[in-house]
Amino acid sequence: MAISCSMQGFPLQSAFHTAAFPPALRSFFFFLVPQQTAAFHFIASEMFLLTRTSTAIKIKTQGLTSFVAPTIVWMSLLYLGGHSKNNRKSVVKMSATEVSSSRISNESFAIKPPEHPTYDLKGIIKLALEEDAGDRGDVTCKATIPFDMVVEAYFLAKEDGIIAGIALAEMIFHEVDPSLKVEWCKNDGDFVDKGLQFGKVHGRAHNIVVAERVVLNFMQRMSGIATLTKAMANAAYPAYILETRKTAPALRLVDKWAVLIGGGRNHRMGLFDMVMIKDNHISAAGGVTGALKAVDLYLEQNSVQMEVEVETRTLEEVEEVLHYSSQTKTSLTRIMLDNMVVPLPNGDVDISMLKEAVQLINGRYETEASGNVTLDTVNKIGQSGVTYISSGSLTHSVKALDISLKIDTELALKVGRRTGRA
């Protein structure tokens, strides 16, 4: 069953029916440029983008008369004077950067992104679009695609895997052009077979192509992460699979969202939401006990409550942590067992040290295995009794899932013939 994810657009004509456009001005424009003509749609779309822009000049749809009135007249005359069938040098502006904020709510997502107090997902989308558009927009689109052409394009899975990034793709399309209509036959987290057309987008060809690469870059990376996560999560059972902070710069939330979609769990989001005492902290504090004492004191003095994890690299360090916690009230919640999975020459792993550490801890704290975790070793590690298994490979060196977005050529040719362009 198709899952409709269509977006609510803003009719082009609506750009001219606000308080910013008095009746006399509207009458003049409609007299100059009749509705339902290419000229009308060109200028209407331009003004639609202007009225919805807030990035560059912070204009709103109210109180625009002094700015918009001469602009409409100028654009009308410009189009009538310079846009003949054989003269299309001034092409419709790409809406790749300066558009309205997305109205899509996180509540509508099949799998919600993880929470972060400062991460600006919409800002990341805008940056991705802006780096692609530069200061000229899509010059190839301007040269090759009629500005008013409406087409349909479909998403194609070119290999098997777990699809991820559908909700993010909707946000990107909506950022580029809120009138684009997107439909899916799959949800984030669903398996797709090679050759499956799992979604489609309908609307202006210009804006579909402008959004294409950014949408695919996100979806391919997220789907690759989700696909590997699903495989590792299944193999790790009954332990839970976690990612790490080894994510692409500025894509922390996106990468961790993909892990959730793939059936994994999130480790700490950043430096702010969990105390994690690692080797450098231990060295600077003079040892495991010194680091734990310093953390407990800091949390008490600042009246802060949060999870605390300490890294251990030997069974002696595990025993030291357990001795400290038996003598002192501590905020410790989890013990990391780092590199206690020992690779063997035959490609297998020895987990005897890991199992002994788990037995020492005996359920008093959560446990996390880290180091030498791969798809080949994770099943054996999962049988050791640890609570969690963390793997940086989920995000730092993931293979993207091959996905494409193709315009329906037959439909495009029909449009071309109907308009005399093919």
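In terms of my numbering, the sequence shown opens at residue 937 and continues consecutively. Even glycine gets a Cβ: it sits at the ideal position worked out from N, Cα and C.
Take residue i as the anchor and find which of the options has the nearest alpha-carbon.
| i | options | result |
| --- | --- | --- |
| residue 1327 | 1284, 1104, 1216 and 1179 | 1179 |
| residue 1345 | 1081, 1201 and 1071 | 1081 |
| residue 1255 | 1297, 1290, 1231 and 1289 | 1297 |
| residue 1052 | 1285, 1134, 1209 and 1116 | 1209 |
| residue 1337 | 1257, 1157, 1227 and 1065 | 1157 |
| residue 1251 | 1207, 1294, 1169 and 1264 | 1294 |
| residue 1260 | 1299, 1232 and 1238 | 1232 |
| residue 1074 | 1128, 1146, 1064 and 1109 | 1146 |
| residue 1266 | 1235, 1151 and 1172 | 1235 |
| residue 1175 | 1182, 1153, 1160 and 1200 | 1200 |
| residue 1323 | 1177, 1292 and 1215 | 1177 |
| residue 1151 | 1215, 1130, 1079 and 1118 | 1118 |
| residue 1127 | 1160, 1211, 1204 and 1230 | 1160 |
| residue 1136 | 1215, 1171 and 1087 | 1087 |
| residue 1096 | 1063, 1167 and 1289 | 1167 |
Just reading off the alpha helix (DSSP H) that residue i is part of, what are its end residues?
| i | result |
| --- | --- |
| residue 1188 | 1188-1197 |
| residue 1080 | 1075-1080 |
| residue 1058 | 1057-1069 |
| residue 1220 | 1215-1221 |
| residue 1305 | Counting along the chain, residue 1305 falls outside any alpha helix (DSSP H), though it belongs to the beta strand (DSSP E) covering 1302-1306. |
| residue 1317 | 1314-1318 |
| residue 1229 | 1224-1237 |
| residue 1258 | 1251-1263 |
Are there 16 or more other CB atoms within 10 angstroms of the CB of residue i, so buried, or fewer, so exposed?
| i | result |
| --- | --- |
| residue 1301 | buried |
| residue 1148 | buried |
| residue 1076 | exposed |
| residue 1143 | buried |
| residue 1283 | exposed |
| residue 1113 | buried |
| residue 983 | Model confidence at residue 983 stands at a pLDDT of 47, short of 50, so the residue's coordinates are unreliable; what they give is reported in the following sentence. Answer is buried; the Cβ neighbour count reaches 16. |
| residue 1240 | exposed |
| residue 1242 | exposed |
| residue 1264 | exposed |
| residue 1106 | buried |
| residue 1035 | Low confidence applies here, because residue 1035 scores a pLDDT of 36, under 50, leaving its location unreliable and the question unanswered by this model. |
| residue 1072 | exposed |
| residue 1207 | exposed |
| residue 1139 | buried |
| residue 1154 | buried |
| residue 1169 | buried |
| residue 1067 | exposed |
| residue 1130 | exposed |
| residue 1299 | exposed |
With a threshold of 7 Å on Cβ separation, who are the neighbours of residue i within its own chain once the five nearest residues in sequence on each side are excluded?
| i | result |
| --- | --- |
| residue 1287 | 1277, 1316, 1317 and 1320 |
| residue 1262 | none |
| residue 1285 | 1277, 1278, 1279, 1308, 1313 and 1316 |
| residue 1021 | Reliability fails at residue 1021, whose pLDDT of 40 lies under 50, so the model's placement of it is uncertain and the value that follows must be treated cautiously. Closer than 7 Å at Cβ, skipping near neighbours: no residue. |
Give every residue of the same chain whose Cβ lies closer than 6 Å to the Cβ of residue i, excluding the five residues on either side of it in the sequence, and list them in chain order.
| i | result |
| --- | --- |
| residue 1197 | 1047, 1100, 1124, 1125 and 1162 |
| residue 1045 | 1103 |
| residue 1227 | 1213, 1217, 1218 and 1221 |
| residue 1132 | 1093 |
| residue 1183 | 1191 and 1331 |
| residue 1306 | 1272, 1274 and 1326 |
When you measure from the CB of residue i to every non-hydrogen atom of the ligand GTP, does any distance come out below 8 Å?
| i | result |
| --- | --- |
| residue 1286 | In the structure shown, the ligand GTP is absent, as is every other ligand, since no ligand is present at all. |
At what residues does the beta strand (DSSP E) containing residue i begin and finish?
| i | result |
| --- | --- |
| residue 1137 | 1133-1140 |
| residue 1109 | No beta strand (DSSP E) holds residue 1109; the alpha helix (DSSP H) holding it covers 1102-1112. |
| residue 1244 | 1244-1248 |
| residue 1175 | Neither: residue 1175 is in no beta strand (DSSP E) and is coded neither H nor E. |
| residue 1122 | No beta strand (DSSP E) contains residue 1122, which DSSP labels as neither H nor E. |
| residue 1272 | 1268-1274 |
| residue 1325 | 1324-1326 |
| residue 1088 | 1086-1093 |
| residue 1297 | Run containing residue 1297: none in the beta strand (DSSP E); it sits in the alpha helix (DSSP H), 1288-1297. |
| residue 1341 | 1339-1343 |
Which same chain residues end up closer than 8 Å to residue i when comparing Cβ atoms and leaving out the 5 residues on each side of it in sequence?
| i | result |
| --- | --- |
| residue 1164 | 1198, 1311, 1329, 1330, 1334 and 1335 |
| residue 1253 | 1224 |
query: Any contact of the stretch 1269-1289 with the stretch 1243-1258, i.e. 3+ C-beta pairs under 8 Å?
result: Output reads yes: the stretch 1243-1258 touches the stretch 1269-1289.
query: Quick check: the stretch 1332-1345 against the stretch 1083-1098, are there 3 or more CB pairs under 8 Å?
result: They touch, by the three-pair rule.
field: Touching by the beta-carbon criterion (3+ pairs, under 8 Å), the stretch 1057-1069 and the stretch 1183-1195
entry: The answer is yes - the stretch 1183-1195 touches the stretch 1057-1069, with three or more Cβ pairs under 8 Å.
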